[in-house]
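>
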Amino acid sequence: MGLAQPRLAAQAEQVSDLDRQAAVQLGVVSRAQALAAGMTADALRWLLRTGRWQRVHAGVYATFTGPLQFEARVWAAILRAGTGAVACHRTAAYLDGLCDDPGPVIHVTVPAGRYVEAGIDGVRVHLSRRLALTRHPVKTPPRTRVEATVLDLVDAAPNPGEAEGWVTAACQRRLTTPRRLALALRQRKRIRRRSMVEAMLSDVADGAQSALELHHLRRVERAHGLPAGCRQRRVEGRRVTWVDVDYSEYQVRVELDGRVGHTGEGRFRDRRRDNRATVDGHVTLRYGHADVFGDPCGVATEQARVLSARGWTGTIRTCRPGCPAAIQDRPGSLA
């Protein structure tokens, strides 16, 4: 028995192919990889028993002691999920710099039809029939392409605002472009909030005469019986500005922000415009895609209350059975 221990230690130290593989995988290897490299089951058990290696998941080991960094944990999840698995959703987003918090769970996707044992600790497994198209060809740890990651997150978002935020963040951080996202969206048959995302991406390309403004006209203003606003009104001053929707009789303006990734000088220009309007006695309401597409009745209710406070004597109407649009404390109260 005394001779067996040195033999096991010598064998464990001689597997150079496995060393190279572990270096790529940040020190994490699978049982199958270790055995394929020539390590015996006895040598593997000895490494674990003596604490030289540590078990991360069933059949997946870290070849070092101490805590695992995040990317090593991702590798461990991918190896546990099996052949073809890649990081996805928020995990892939964090790896690519799309978000600053990876969240408490590691997300991996495997090809549809693959069986993966349920209950991998700290890991959520997704299935995809398009993984061959959405997998990034070279990045490590393996992950989905940025465009696929964004659309996965949009599909899983609990509300329109969060969905809009993923698209905006991807463009603001210059990880992709609206054109590339639009192409990926066209190739994807099923996704929640498709119309909202299509509008966001087309608005970037087409400018002010946007799908967002059209949706506001139809689903907010006309559907709820609000007064007709003047669209794309040119306002003269020290600098010429354009107002998306102007209710001039009531000194109310609506700005529809359809520009994905709108930061920097454009943001300050909007603020200066809104401030000048306030000085001149106007009030400005500002909405994005998540508001107009996600809650058009809520937008209509808010606009109606502001318009009523400034002299509109009309009555908002419901756009459908169950529409929550209503004005409280009429007339003229915002309470």
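Every letter in the sequence shown is one number past the one before it in my numbering, and letter 254, counting from 1, is 240. Where is the CB? At the ideal position from N, CA and C, for every residue including glycine. From a predicted model like this one, the values you see are computed outputs, not experimental measurements.
1) Counting Cβ pairs, one atom from each stretch, are 3 or more of them under 8 Å apart for the stretch 161 to 173 and the stretch 94 to 114?
2) Assuming contact is defined by CB atoms lying nearer than 8 Å, are Gly280 and Tyr236 in contact in what I supplied?
3) Between the beta-carbon of Leu212 and the beta-carbon of Ala143, is there less than 8 Å?
4) Measuring straight from C-alpha to C-alpha, what distance separates Gly99 and Pro282?
5) What does the alpha-carbon distance come out to for the pair Trp152 and Ile92?
6) Between the C-alpha atoms of Leu119 and Leu139, what's the straight-line distance to the nearest angstrom?
7) Indicate whether Val60 and Ala44 have their beta-carbon atoms separated by less than 8 Å.
8) Would you say Arg129 and His122 are within 8 Å of each other, going by their C-beta atoms?
9) Drop a sphere of 10 angstroms on the beta-carbon of Arg291, count the other beta-carbons inside from all chains shown, and report buried for 16 or more, exposed for fewer.
10) Could you give the uninterrupted runs of the alpha helix (DSSP H) lying entirely in the stretch 155 to 201, keeping only those of 4 residues or more?
11) Which complete alpha helix (DSSP H) runs does the stretch 279 to 307 hold, if anything under 4 residues is left out?
12) Would you tell me roughly how many angstroms separate the C-alpha atoms of Leu187 and Pro53, rounded to the nearest one?
13) Could you work out which residue in Val14, Val10, His275, Thr95 is closest to Asn145 when comparing CA atoms only?
Reading from the atomic positions:
1) no
2) Taking the first residue of the sequence shown as 1, we reach residue 280 at position 294. Taking the first residue of the sequence shown as 1, we reach residue 236 at position 250. No; because the gap between Cβ atoms is not below 8 Å, this pair is not in contact.
3) Numbered from 1 along the sequence shown, position 226 holds the residue referred to as residue 212. Numbered from 1 along the sequence shown, position 157 holds the residue referred to as residue 143. Taking 8 Å as the Cβ cut-off, Leu212 and Ala143 do not qualify as a contacting pair.
4) Taking the first residue of the sequence shown as position 1, residue 99 is located at position 113. Taking the first residue of the sequence shown as position 1, residue 282 is located at position 296. Distance between the alpha carbons of Gly99 and Pro282: 40 Å.
5) The count along the sequence shown starts at 1 and reaches residue 152 at position 166. The count along the sequence shown starts at 1 and reaches residue 92 at position 106. Using only the alpha carbons, I get a separation of about 18 Å.
6) Here residue 119 corresponds to residue number 133 of the sequence shown, with the count starting at 1. Here residue 139 corresponds to residue number 153 of the sequence shown, with the count starting at 1. Roughly 17 Å between the two C-alpha positions.
7) Here residue 60 is taken as the residue at index 74 of the sequence shown, counted from 1. Here residue 44 is taken as the residue at index 58 of the sequence shown, counted from 1. No. Outside cutoff.
8) Taking the sequence shown and counting its residues from 1, one reaches residue 129 at position 143. Taking the sequence shown and counting its residues from 1, one reaches residue 122 at position 136. Yes, the Cβ-Cβ distance between Arg129 and His122 is below 8 Å.
9) Along the sequence shown, one-based indexing puts residue 291 at 305. When all chains shown are included, Arg291 counts as buried.
10) 164 to 172, 180 to 192, 197 to 201
11) 282 to 295
12) Indexing the sequence shown from 1 puts residue 187 at position 201. Indexing the sequence shown from 1 puts residue 53 at position 67. Distance between the alpha carbons of Leu187 and Pro53 is about 42 Å.
13) As a working mapping, residue 145 is identified with position 159 in the sequence shown. Closest by alpha carbon: His275.
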